[in-house]
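**Student:** The sequence shown begins at 33 in this note's numbering and counts up by one.
Built from N, CA and C at the ideal position, the CB exists for glycine as well.
Just passing along the structure, written as structure tokens.
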Amino acid sequence: MTRSTANMFSPEDSNPNNFLSLPLNKSSLANSKTILLPVPYDGTASYKSGSRDAPAALIKASHQLEDYDLELQCQPSDLGIHTAYELPVDVSSPDAMVSKIESAVHHYLTFNKLVGIIGGEHTITVGAVAAMARKYPDLSVVIFDAHADMRNTYQESRFSHACVTRRVAEICPAVVLGTRSLSLEESDAIAKTENPRVFFSSDGSLPAWQDISTLISPNVYISIDLDILDPSIMSAVGTPEPGGVMWHSLLPLLKTLIWNRHIVGFDITELNPNQGAESCVYTAAKLAYKIIGYSTILSS
Ligand SMILES: [Mn+2]
Numbered sequence: 033m034t035r036s037t038a039n040m041f042s043p044e045d046s047n048p049n050n051f052l053s054l055p056l057n058k059s060s061l062a063n064s065k066t067i068l069l070p071v072p073y074d075g076t077a078s079y080k081s082g083s084r085d086a087p088a089a090l091i092k093a094s095h096q097l098e099d100y101d102l103e104l105q106c107q108p109s110d111l112g113i114h115t116a117y118e119l120p121v122d123v124s125s126p127d128a129m130v131s132k133i134e135s136a137v138h139h140y141l142t143f144n145k146l147v148g149i150i151g152g153e154h155t156i157t158v159g160a161v162a163a164m165a166r167k168y169p170d171l172s173v174v175i176f177d178a179h180a181d182m183r184n185t186y187q188e189s190r191f192s193h194a195c196v197t198r199r200v201a202e203i204c205p206a207v208v209l210g211t212r213s214l215s216l217e218e219s220d221a222i223a224k225t226e227n228p229r230v231f232f233s234s235d236g237s238l239p240a241w242q243d244i245s246t247l248i249s250p251n252v253y254i255s256i257d258l259d260i261l262d263p264s265i266m267s268a269v270g271t272p273e274p275g276g277v278m279w280h281s282l283l284p285l286l287k288t289l290i291w292n293r294h295i296v297g298f299d300i301t302e303l304n305p306n307q308g309a310e311s312c313v314y315t316a317a318k319l320a321y322k323i324i325g326y327s328t329i330l331s332s
């Protein structure tokens, strides 16, 4: 640590439950290249709720991760990862919670660091993207999701987890990868629009970087709905969908995307630690760390 005076640290730095269980000199807000914001929200979950427990479970599982990244041959944690306190949930309405997330992300973006949001259900993406697009007017969003999430409303809310991509595409250009489940209404909506661009996948494959690169602007927000992954490795999600993407297909595309663009933020959503195999929580934590590593070490 180059700056060692105790008063460099803010009250926020006292969060004892931080990602990777890092010491203060690698987890204080001032010393960190990345800010993680845990959002324990699952207010509109329609099948199996429980993603409210995901941030705490993912952070706990992260304590088992190695700081060293074999692929990158360094410790991305050396660049600092600050874990904010959990954002208190506003249960009055989904709209209110989305606004609250937008305000919080807007605040953290003022520090000019990578901001990662640990969900929580996928709805959190809408608030995060609204804040990101205010700071980065050329923002595009790359969404990894088994589901189209293109309903205009669901269960009487425009801010349901089933409407996420539709709301995001109203804010900025979006590319959706890994989609393998949708309604007739959503299929019609996708056929009629250039935004979002949805790349369907029924065999676990993802498009090549060359096939999507022209759709993606210099500043990028990455949104991961963990159900993009095959249930054989990620059963701990609210709505598991067979025929998904495997770990070794997802990481190369993420790496290429991050290498070629400036990643301004990301989220990991829909983890339900009360479902599925215990290893899923560890997998989710590792995915978060891979994105942090790629983004802080490789991102252009
Ligand atoms: Mn999904």
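With 16 other CB atoms within 10 Å as the buried threshold, where does Y100 fall?
**Tutor:** So Y100 ends up on the exposed side.
**Student:** Nearer than 7 Å: is that true of the beta carbon of D122 relative to any heavy atom of ligand 1?
**Tutor:** no
**Student:** Would you kindly report the start and end of the unbroken alpha helix (DSSP H) that includes D243?
**Tutor:** 241-244
**Student:** So for I324, helix, strand or coil by DSSP?
**Tutor:** I324 falls in the helix class under three-state DSSP.
**Student:** Considering only the alpha carbon of each residue, which of C106, H138, S81 lies closest to L69?
**Tutor:** It is H138.
**Student:** Is the beta carbon of A320 within less than 7 Å of some heavy atom of ligand 1?
**Tutor:** no
**Student:** C204 and V173: beta carbons closer than 8 Å?
**Tutor:** yes
**Student:** Quick one: does the C-beta of D177 sit closer than 7 Å to a heavy atom of ligand 1?
**Tutor:** yes
**Student:** How far does the alpha helix (DSSP H) with V174 in it reach, from first residue to last?
**Tutor:** Going by DSSP, V174 is part of no alpha helix (DSSP H) but of the beta strand (DSSP E) stretching over 172-176.
**Student:** On a CA-only basis, which of G148, T142, S189 is nearest T115? Give me that one, please.
**Tutor:** G148
**Student:** I think V200 touches V158, with their Cβ atoms under 8 Å apart; what is that distance to the nearest whole Å?
**Tutor:** Separation of the CB atoms of V200 and V158 is rounded to 6 Å, and the pair is thereby assigned contact status at 8 Å.
**Student:** By Cβ distance below 8 Å, which residues in the same chain neighbour S36 in space, the five residues on each side in sequence not counted?
**Tutor:** Residue confidence is low: S36 scores 49 on pLDDT, short of 50, so the model does not pin down where it sits. No coordinate-derived value is stated.
**Student:** Under DSSP, the alpha helix (DSSP H) around S135 begins and ends at which residues?
**Tutor:** Counted as a single uninterrupted DSSP element, the alpha helix (DSSP H) harbouring S135 occupies residues 126-141.
**Student:** Quick one: is A268 buried, meaning 16 or more other Cβ sit within 10 Å of its Cβ, or exposed?
**Tutor:** buried
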